[in-house]
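Residue numbers 103 to 305, in this note's numbering, belong to the letters of the sequence shown in order.
Cβ atoms here follow ideal geometry from the backbone N, Cα and C, with glycine treated the same way.
Just below is one structure, and these are the notes that go with it.
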Amino acid sequence: MPVLSTPTIPIILASGSPRRQELLASLGLQFEVMPSHVDEDVSAGIPPAQYVETLAARKARAVAARLATRGEAPALVIGSDTTVVIDGTYLNKPADEAEAIAMLSRLQGGTHEVYTGLCVRHHPSGREEIAHSVTQVTMRPLPEERIRRYVRTGEPMDKAGAYAIQGYGATLVQRIEGDYFTVVGLPVGLLADLLERFGVPVF
Numbered sequence: 103m104p105v106l107s108t109p110t111i112p113i114i115l116a117s118g119s120p121r122r123q124e125l126l127a128s129l130g131l132q133f134e135v136m137p138s139h140v141d142e143d144v145s146a147g148i149p150p151a152q153y154v155e156t157l158a159a160r161k162a163r164a165v166a167a168r169l170a171t172r173g174e175a176p177a178l179v180i181g182s183d184t185t186v187v188i189d190g191t192y193l194n195k196p197a198d199e200a201e202a203i204a205m206l207s208r209l210q211g212g213t214h215e216v217y218t219g220l221c222v223r224h225h226p227s228g229r230e231e232i233a234h235s236v237t238q239v240t241m242r243p244l245p246e247e248r249i250r251r252y253v254r255t256g257e258p259m260d261k262a263g264a265y266a267i268q269g270y271g272a273t274l275v276q277r278i279e280g281d282y283f284t285v286v287g288l289p290v291g292l293l294a295d296l297l298e299r300f301g302v303p304v305f
């Protein structure tokens, strides 16, 4: 891991996700974690790219508003959101084990898309840079018993699409086309590009 460096402006990650925190730390930048706790209901009728960008922006704006209320110094707030899409249906975090099993049963043996949206918002100016990344994932054919055993590990329960490609879920995947980090939940290459636009290079 690179040596942590202090950016020219404080960075705040608007997410409590350990996976996103690990990926942001891998860029070598110091940052603060401030989960957004926003309502994640968005009309499912909008395209997936717009869906994840909307939620990423909502998260960044919520944290930036909190900073403004407290009169905090300037900062960059990073919001991110991930969803899985198959045949036009969005698969977000499963509500329970039964829903996780249903999601994985639908994904197994086929190809789906994973979208991750990013929003970097400057507080207090309100300037934003918003983008998204999409990756295709093909899952191996999976017997029902294996799906049930995977769900019993507990790993799928807070993951879009009910699997974690960086964990046991890696064994379910046959191949990916695109950026691996998009599937994990924070496309670091794209994030580095957005940070550069604010004059914050990662190296």
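Range of the contiguous alpha helix (DSSP H) that encloses residue 252: Note, residue 252: alpha helix (DSSP H), 246-254.
Using only the alpha-carbon positions, how far apart do residue 225 and residue 124 sit? Roughly 23 Å separates the two Cα atoms.
Closest to residue 122 by CA distance: which of 143, 184, 165 is it? For residue 122, the closest alpha carbon among the candidates 143, 184, 165 is that of 184.
Is the separation between the beta-carbon of residue 223 and that of residue 162 shorter than 7 Å? It is a contact, given that the beta carbons lie within the stated cut-off.
Alpha carbon to alpha carbon, how far is residue 212 from residue 243? About 8 Å.
With distance defined between alpha-carbon atoms, name the residue in 284, 260, 158 nearest to residue 182. Shortest Cα-Cα distance from residue 182 to any of 284, 260, 158 involves 158.
Short check: CB of residue 129 to CB of residue 113, under 7 Å? No, Cβ-Cβ distance for residue 129 and residue 113 is not below 7 Å.
Quick one: what does DSSP say residue 300 is sitting in, helix, strand or coil? The answer is coil: DSSP assigns residue 300 none of H, G, I, E or B.
Environment of residue 298 [buried if 16+ CB atoms lie within 10 Å]: The residue in question, residue 298, is exposed, as its Cβ has fewer than 16 Cβ neighbours within 10 Å.
Just the Cα atoms here: how many angstroms apart are residue 264 and residue 169? Taking the straight line joining both Cα atoms gives about 33 Å.
Are there 16 or more other CB atoms within 10 angstroms of the CB of residue 227, so buried, or fewer, so exposed? Residue environment: residue 227 is assigned as exposed (fewer than 16 neighbouring CB atoms within 10 Å of its CB, all protein chains considered).
Whose C-beta lies closer than 6 Å to the C-beta of residue 289 among residues of the same chain, with five residues either side of it excluded? So the qualifying residues of the chain are 218, 235, 281, 283.
List the endpoints of the continuous alpha helix (DSSP H) containing residue 203. Run containing residue 203: 199-209, per the alpha helix (DSSP H) assignment.
Residue 103 by DSSP, collapsed to three states: which one? Unreliable positioning characterises residue 103 in this predicted model, as indicated by a pLDDT of 43, which lies under 50. The coordinate reading is nonetheless provided below. Coil at residue 103, not helix or strand.
Between which residues of its own chain and residue 140 is the CB-CB distance below 7 Å, once the five residues before and five after are set aside? Excluding sequence neighbours, residue 140 sits near 160, 161, 164.
Which of helix, strand or coil does DSSP assign to residue 144? Judged by DSSP in its simplified three-state form, residue 144 adopts coil rather than helix or strand.
Should residue 253 and residue 201 be called a contact, given that it needs their Cβ atoms to be closer than 7 Å? Result no, Cβ atoms of residue 253 and residue 201 do not sit closer than 7 Å.
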